[in-house]
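Engineer:
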Amino acid sequence: GIDTAGLSNDQKRQQFRALPEFDGRDPADPEEDNWDYDASRNREDYRRINGTQGNRLSQGGQRPDTEDLNNDGNLNIRNDFYHHVIDLARDPHVPGTRSVAGWRLFRVELYDDETERIGAPDSSRIEFARLVLVTDEAFGDTSTVEIAQMEIIGNEWQEDGIVRLQDDASVVSDTEVFNVTVIGTDENLSYKPPPGVKVNRLAGSRVREREQALVLDVSDLDAGHQAAATKVLTRNADYTSYTRLKMFVHGDSNAIYIPEPDSSDLELFLRFGADSLNYYEYSTRVFIGWDRRNEINMDLLEMAQLKAKLQRGRVDSTGMRLTQIDTVIIDPRVRNGAPAVYRVRGNPSMQQVRQLTLGLRNHSDMQSMTVLVYADELRLDEARNDAGVAAYARFKTKLADFMDVDATVNWQQEDFRTLSNTQRRSADLSTSVSTTTNLHKVLPGSWRFSVPVKFSYSQDRSLPRFGPNSDVELRADEKDSLSTENSKRFVEISVSKQGGKNWLMRWTVDEMNMRMSQTQNR
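With full-length UniProt numbering, the residue at position 237 of the sequence shown is 237, and numbering never jumps.
#1: Can you say whether R335 is buried or exposed, counting buried as having 16 or more other CB atoms within 10 angstroms of its CB?
#2: Taking buried to mean at least 16 other C-beta atoms within 10 Å of its own C-beta, is A120 buried or exposed?
#3: For H84, count the other beta carbons within 10 Å of its own beta carbon; 16 or more makes it buried, fewer makes it exposed. Which is it?
#4: Just the Cα atoms here: how many angstroms apart are S430 and D460?
#5: With DSSP as the reference, label L300 as helix, strand or coil.
#6: Based on Cα-Cα distance, which residue from A390, V405, V433 lies nearest to residue 602?
#7: Taking K441 as the reference, which of D186, K198, A400, P193 has the closest Cα?
#8: Taking E116 as the reference, give the member of V145, F81, A229 with the closest Cα.
#9: Could you pull out every residue in the same chain whose Cβ sits closer than 8 Å to the Cβ of Y111, ignoring the five residues on either side in sequence?
#10: Considering only the alpha carbon of each residue, which of R379, D45, G73, Q520 lies closest to L245?
#11: For S349 versus S470, is the C-beta spacing smaller than 9 Å?
#12: Hey, would you say R343 sits closer than 9 Å to S263, going by beta carbons?
#13: Please determine if the region 487-495 and the region 446-453 are in contact, where contact requires at least 3 C-beta pairs separated by less than 8 Å.
#14: Candidates T52, G359, L221: which alpha carbon is nearest D29's?
#15: What does G161 pair with, by DSSP beta-bridge criteria?
#16: So, at 8 Å on beta carbons, what are the nonlocal neighbours of L233 in its own chain, with the 5 sequence-adjacent residues on each side left out?
#17: Is T240 buried or exposed, if buried means 16 or more other CB atoms sit within 10 Å of its CB?
#18: Over what stretch of residues does the alpha helix (DSSP H) that includes K198 continue unbroken?
#19: Go ahead and pull the three-state DSSP assignment for V442.
#20: Compute the Euclidean distance between the alpha carbons of V145 and I152, then round it to the nearest angstrom.
#21: Can you tell me which of the three DSSP states S470 falls into?
#22: Evaluate Q158 with the Cβ neighbour count: other Cβ atoms within 10 Å of its Cβ, from every protein chain shown; 16 or more gives buried, anything less gives exposed.
#23: So for A476, helix, strand or coil by DSSP?
#24: Counting pairs of Cβ atoms below 8 Å between the region 180-194 and the region 160-167, do you hit three or more?
#25: Please determine if the region 188-202 and the region 128-136 are in contact, where contact requires at least 3 C-beta pairs separated by less than 8 Å.
#26: By the DSSP assignment, the alpha helix (DSSP H) with A120 in it spans what residues?
#27: For R361, count neighbouring Cβ atoms within 10 angstroms of its own Cβ and tell me buried if that reaches 16, exposed if not.
#28: Grab me the residues of L268's own chain with a C-beta within less than 7 Å of its C-beta, minus the 5 sequence neighbours each way, in chain order.
#29: CB-CB under 6 Å to G346, same chain, minus the five flanking residues each way: which ones, in chain order?
#30: With distances taken from CA atoms, which of R417, E31, T408, W447 is nearest T435?
#31: Looking only at C-alpha atoms, which of G289, D291, M247 sits nearest to L270?
#32: List the endpoints of the continuous beta strand (DSSP E) containing N278.
#33: Nearest-angstrom Cα distance between D381 and A39?
#34: Across which residues does DSSP place V218 in a beta bridge pair?
#35: So the beta strand (DSSP E) A28 belongs to, where does it begin and stop?
#36: Rounded to whole angstroms, what is the Cα-Cα separation between G445 and K398?
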């Protein structure tokens with residue numbers, strides 16, 4: 001192994017004998033840099049595991065453990081890394097993660113202001129992590145810290161920040177902070193899943209699967225302000241095969257202000273759509289705990305019909321004419337008298353959902369809010385299971401040796417699904433007929449002509465369920481006006497002659513073959 005002085009232990013004893021503190025050192029390790037670790041003797045004795053003198057004995061005696069970190073045979077001398085200090089005594093750990101055995105969960109922001117950059121580290125190439133424990137006199141001579149698991153984690157939900165609800169004179173203060181985290185059954189002992197949510201066990205074991213929720217964590221959210229986070233999907237989602245969108249919501253019992261039994265100043269909203277200018281929105285007030293009034297229970301068909309009313313300028317059930325694309329409507333069917341608000345902005349489509357946004361609004365007059373809200377089990381529900389019908393028929397016949405006829409009809413309703421096509425958006429009708437007629441059969445056989453005539457015709461007609469780039473179901477007359485129809489017709493006539501008796505006919509006419517064909521697409 002390599003040590004800082006480059007000397008053997010005997011040489012070090014001679015070199016450091018004159019130092020005043022030498023008498024208190026181990027004669028076998030005067031510089032206190034020897035490597036030593038024997039798990040069979042004492043697996044918890046790590047005092048010398050980082051020593052450099054003799055560390056070739058580690059890893060089965062193959063390599064030293066500090067100078068060649070990645071075992072590529074080269075000395076690693078670069079010092080490019082991120083450095084973060086965690087005070088185990090005073091740093092706030094994640095709430096609800098302290099166990100009776102002393103285990104705690106810490107989450108450290110990798111690139112926040114408290115993270116120090118040493119050299120020129122590259123966040124796209126992280127290969128190693130090193131933990132250094134520094135103690136003071138309060139810990140005594142021996143300190144032991146057990147680390148069960150280290151993970152690099154991220155969140156698909158990105159904070160959009162805090163903004164004002166109205167264009168007024170209020171400003172967003174520096175004390176208003178919004179973070180998106182997760183809470184689950186594995187790391188958080190205080191977390192309880194929503195009522196009715198069953199946590200399954202892993203196959204072949206008694207270990208329960210991880211069940212967790214998204215946490216909207218906001219501090220000092222001023223009145224009239226909102227905080228939101230957005231998740232961008234990797235590919236477009238299609239919600240038209242379902243009728244409801246649901247999610248459980250939990251309110252913080254220590255922070256939500258309930259002025260009256262059936263009212264709350266905290267509102268949660270969920271948006272989905274193409275972008276920030278084209279979306280559907282559902283919002284509801286948040287009550288304490290896993291209250292049923294908190295649950296998002298969006299009627300997707302009702303939401304699509306609201307958009308249709310807005311676009312057509314029709315009158316809703318209250319008699320109000322909906323002429324603005326930014327309009328709200330109250331759904332009276334939400335349970336327990338807590339109405340939900342449906343909102344449409346721009347021209348969204350449930351066939352092209354590219355992003356989801358989840359957020360909180362403070363509707364109080366003056367009071368700021370510091371609150372945790374859990375969102376769990378965001379899901380599509382009540383699939384459209386309407387029965388669909390399909391029919392297929394084929395007619396094939398042969399009229400002696402004069403004509404062959406082959407005809408097919410294939411019809412599928414818009415609700416008919418196959419294993420390869422589970423999201424049908426149209427009713428389709430396909431027909432085809434083909435014939436082959438031997439006209440030479442009506443000519444004298446002595447002429448020895450061959451005149452086959454081939455004819456085929458096919459037609460495809462499709463009636464769409466939705467309009468172009470829309471999720472609003474069409475009426476019967478609208479389907480007819482937007483139907484598509486394609487047809488193809490093909491005719492071919494061939495004329496040839498064989499077996500002429502005259503030598504001139506055999507060398508001329510018998511060698512000719514005339515063919516005419518026509519194809520027409522429409």
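For glycine and all other residues, C-beta sits at the position ideal for the given N, C-alpha and C.
Structural biologist: According to the structure shown:
#1: With a pLDDT of 45 at R335, under the threshold of 50, the modelled position of this residue cannot be trusted; read the value that follows with caution. Counting of Cβ neighbours within 10 angstroms places R335 among the exposed residues, the total staying below 16.
#2: Exposed, by the Cβ-count rule.
#3: exposed
#4: 4 Å
#5: Three-state DSSP puts L300 in a helix.
#6: Only positions 1 to 522 of the chain appear in the structure, and residue 602 is not among them; the question remains open.
#7: A400
#8: F81
#9: Y82, S123
#10: R379
#11: yes
#12: no
#13: When C-beta atoms of the region 487-495 are compared with those of the region 446-453, three or more pairs fall below 8 Å, so the two segments count as touching.
#14: T52
#15: Answer is A228, bridged to G161.
#16: Within the same chain, and ignoring the five residues on either side of L233 in sequence, the residues whose Cβ sits closer than 8 Å to its Cβ are V353, R354, Q355, L356.
#17: Classified as buried, T240 has 16 or more neighbouring CB atoms from the shown chains inside 10 Å of its CB.
#18: First-last for K198: undefined, no H or E at that position.
#19: helix
#20: 20 Å
#21: Looking at S470 - three-state DSSP - the assignment turns out to be coil, as it is neither helix nor strand.
#22: With fewer than 16 Cβ atoms within 10 Å of its Cβ, Q158 is classed as exposed.
#23: helix
#24: no
#25: no
#26: Premise fails: A120 is in no alpha helix (DSSP H) and is neither H nor E.
#27: buried
#28: V249, S283, T284, V286, L360, V373
#29: The answer, listed in chain order, is L277, N278.
#30: Closest by alpha carbon: T408.
#31: M247
#32: 278-285
#33: As the crow flies, the alpha-carbon of D381 is around 54 Å from that of A39.
#34: Partner residues in the beta bridge of V218, as assigned by DSSP, are F178, V371.
#35: From DSSP, A28 is part of no beta strand (DSSP E); its letter is neither H nor E.
#36: 21 Å
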